[in-house]
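Some notes on the structure that comes next.
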């Protein structure tokens, strides 16, 4: 979509049509007569009183117009502008805008180049600014003396040259120097003319001064004519050759003319100094220097480095360097529509969707390049399935943020502040990253609202995870609230269901379906594509000038419509250098008769068939086998590998792989560099090979099984403890240099560690103990170490779950995997921070009977010993989630158990993945403690009640607030969904219960009757009854349809903290402040029995799904299980006791120097041991030589021995 150079500045100069009136009225004729001779008519001498009278009635002569009138018709035609009505005020503003543009372009040019330029460049920039700012000082007078606006037009030329200098760095110096000279001459002439009119009565030879100024202005206009000629004639890079080289002679002529007049004018006028804004110009440049220095510090800061990049995601990254862009004269209407949308106040998002192969990515690259050329592109992200970081959203936000910092430096400091406030923000949920790293910084961006920033996102449908796709869309739509900048998002995707659903929820967008463009338009563009590509092949291969001919091109066009991928693949196939293009083209055309084949078969079958050309039966079998091993592996890799890494993985030599891939350049991106990844050019090729009807069918499950075996072999031979040979086992991940990790954990090992489980799962086979168990017994901790070094430790719980699902129950492998899952859950947070602590803290604090501990404790280096304070078995605590900054006051599981919600006194709710422990979302909106959270029955909505008196409903998939329910006059203590999810009940400290319609947020009714806070509400299984427990000591049952109170259940006057229905709805359990649980008959309201045993208040009660067991949680630190039919206590689950140790003794000798800081034990000043959460609650510690004892608040005393290292 790049626009011809000159159109962007076409508003500066407009050709005057013959029918247009001259811009100067009757005064122009007068002036024309006045200046028909080269010498101006001398001014008559008059008496003093007459002179005064004349100056009051006569306007100063328009010297710019006089200079213009001395140009020939051709020159005048280049400088003419359309007639406009210009009042004096309008002229001044127009001139001011022109100069402001010069100041802005100078600042931008200096900002772009100053770090690579010398002091001469800085001086030139300062002179331009000085001239422009000095000119503004007398702008009112200049506007009056130049009503025809010629000076403004010349300043526009200065701005044009400076803009060119930004775009074409090779000509930077010459363009800046010519701009500096022109700016200086303009300012000089303006000051001379002003002084001349001030001193008119004191200058004897007025006409000589006027003549000199006219010649000066004429020389300037002649120079501008030359620039205008080149501007109209030049396109793109040609400007570089024409403007900078061909304008040297006109510039020299200008300088000669100026110097000839300058000495005379200085003598006559006595102008000593006219550039009087040096200090202000210097201040402008100094601010840019300071901003650049600050940015440099930012780029060198560890926080900036923590903005993880998705390699190859930029539109112009190395990965995309050979990708196609739209050819000239193709997609013109579409590209113009996109350009107009970006400049309009229309919808934020332009969604270009279309089926596979219609050219969406090519258009996205072209759009991104065009906006980059115009200085409008803020960032781009091109998703690609199967390419690790480009195939998911993990690094989506940080990649965009990193680009924005480079392109819009102001936003960098707010992003930097966000990273400083929370160094782990890049690892947080997608919505938190978006809020902190994009939304808030852009909101704070101090810029003109006319500044446009375009973000280009390609192939959103190739982002793994339907929820992530929808979350990205929700985040993008939120940007509509940003007013500090004119923001636009261009997005492409296939019309897959998750993306469609995301756009259906947010109607305010512009969309276009690519394949629904008029057939004639698509046909035209594909024809131009074939003509261009085949002509290039014809010239490159010295073919006949009439090859391939219009008839064959028309056949190709008919075969291709509407798929550009067909056209691109065929052209690559025909153009491969080792084959004759004529023969290959005929093969393609011959395949056109196979009308029964689908579109993909017509595209790829002719290309693959050449693999077997001339081969006998035995050779055919061998070639297909090698094809499946090499090409089959490439198309099924979870992330692309380089040729070198691929050869190590599948045990083929580089030469063999290169030989086999040689004929597949039309379908694969095969770089010359063996360290660069091999990529599928289009996913349709993969889909074609996995189709059983394909003659080159790749059996998917068998190939995955083979890749998994290769991965296991690699890991067995290469993994070891401390693979990067780090000096300290306490070294943090962020302190380990990336290059060290890349050198020690090479690409093939990284791939094997991250994806062996994926390939095992896709093979659909059951895991045999001998296949995997032996590897895990020897390398489990080594595997975790590498994943931690790669920043992928959070993925391990999910990987173990996959292995567990494939292992035989009761087998040794199954037992090992159970223990492995507990070990990972206990240590994954620690491993993400300090990977080698897996071998230290991981084993030290593991239970003595842990399988992992028993296997590896004797294998690791310099292991620490811990006393009897460690448990024998894993506790019931599966995992600790860390993230809230306040107390956690409420938690709830989603119906499927995959998500945990936690409400906190820090006013936030967090959603956690219960498998990986990863924080999914932080829900921000409440202004008080969140006392109650509950999921809807379908798990799609979360309700939260807060001390701020509001209830909020949240979309659990995206973390977006759906609505706020207001009406209570005090804090919300409890919320509950009805079984059908249509109604929400809320209990409040205002003594009332409210029922809400969850779809509309409308309050349905208010239930009153309690005399104190309503601490608990619960629906019966059929949803017809609501139970409420209050601190007034009563429980009430309500008819949910009418809001009528059915009955009040009363016992001993004691606060009721919890209520729950049995699954059949016949029994209600209540927990009270006196430590008792009561069971009630819901039909009669009669108390059935009282369960005693807790010593403090009962805060929670819940029935088992079959209703036979009741669980109760108490402030006494215990959970009790009861037989609901008999009331008999079945068992008590005890937590920690409350005894504590208060003594402190420290007898550490200098040779060991043990200390404790934050969550670390340090030895001789180095971090040596990470303390798990439950070991940080110590009230005392004692150190003796190399032994550390901790006095924990739960009454236990772990003793840790550090051996001399």
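Residue numbers (full-length UniProt numbering): 1 to 1205. Glycine is no exception: its CB is placed at the ideal position from the N, C-alpha and C atoms.
Under a Cβ-count criterion, where at least 16 other Cβ atoms within 10 Å of its own Cβ denotes burial, should residue i be classed as buried or exposed?
i            : result
residue 379  : buried
residue 619  : exposed
residue 625  : exposed
residue 711  : buried
residue 458  : buried
residue 788  : buried
residue 1026 : buried
residue 872  : exposed
residue 615  : exposed
For residue i and residue j, I'd like the C-alpha separation in whole angstroms.
i           : j            : result
residue 883 : residue 734  : 19 Å
residue 342 : residue 104  : 22 Å
residue 934 : residue 830  : 30 Å
residue 745 : residue 1028 : 59 Å
residue 417 : residue 902  : 27 Å
residue 821 : residue 919  : 18 Å
residue 847 : residue 981  : 43 Å
residue 853 : residue 482  : 53 Å
residue 728 : residue 845  : 19 Å
residue 603 : residue 570  : 7 Å
residue 750 : residue 669  : 22 Å
residue 77  : residue 505  : 55 Å
So, for residue i: in the same chain, excluding its five sequence neighbours on each side, which residues have a beta-carbon less than 6 Å away from its beta-carbon?
i            : result
residue 444  : 414
residue 1287 : Here the chain covers residues 1 to 1205 and nothing more, so residue 1287 does not appear.
residue 575  : 537
residue 455  : 378, 379 and 489
residue 675  : 642 and 644
residue 319  : 312
Which residue from the options puts its Cα closest to that of residue i?
i            : options                 : result
residue 511  : 1024, 334, 568 and 642  : 334
residue 100  : 62, 73, 155 and 121     : 155
residue 440  : 456, 455, 149 and 412   : 412
residue 989  : 1010, 131 and 977       : 1010
residue 690  : 641, 731 and 627        : 627
residue 781  : 684, 819, 802 and 731   : 819
residue 1093 : 332, 1102 and 1112      : 1112
residue 392  : 95, 639 and 352         : 639
residue 314  : 356, 331 and 365        : 365
residue 693  : 464, 209 and 605        : 605
residue 703  : 756, 678, 739 and 680   : 756
residue 468  : 960, 839 and 623        : 960
residue 833  : 736, 671 and 913        : 736
residue 323  : 332, 344, 308 and 362   : 362
residue 1032 : 1050, 1012 and 1017     : 1012
residue 1127 : 1078, 224, 407 and 544  : 1078
residue 992  : 686, 1090, 1035 and 908 : 1035
Leaving out the 5 sequence neighbours to the left and right, which residues in its chain are closer than 8 Å to residue i when beta-carbon positions are compared?
i           : result
residue 896 : 939
residue 185 : 216, 220, 254 and 258
Between residue i and residue j, which are expected to be in contact by the criterion C-beta below 8 Å, what is the C-beta distance as a whole number of angstroms?
i            : j            : result
residue 1108 : residue 1083 : The pair is not a contact, with the Cβ atoms about 20 Å apart (cut-off 8 Å).
residue 972  : residue 949  : 7 Å
residue 359  : residue 133  : About 49 Å separates the two Cβ atoms, so there is no contact after all.
residue 518  : residue 534  : 24 Å between Cβ atoms; not a contact.
residue 984  : residue 943  : 6 Å
residue 1207 : residue 162  : No statement about residue 1207 is possible, as the shown extent of the chain runs from 1 to 1205 and does not include it.
residue 925  : residue 978  : The Cβ separation is near 23 Å, so there is no contact.
So, at 7 Å on beta carbons, what are the nonlocal neighbours of residue i in its own chain, with the 5 sequence-adjacent residues on each side left out?
i           : result
residue 523 : 557 and 561
residue 43  : At residue 43 the pLDDT is 36, less than 50, meaning the model places this residue with poor confidence and gives no usable figure here.
residue 395 : 308, 309, 310 and 389
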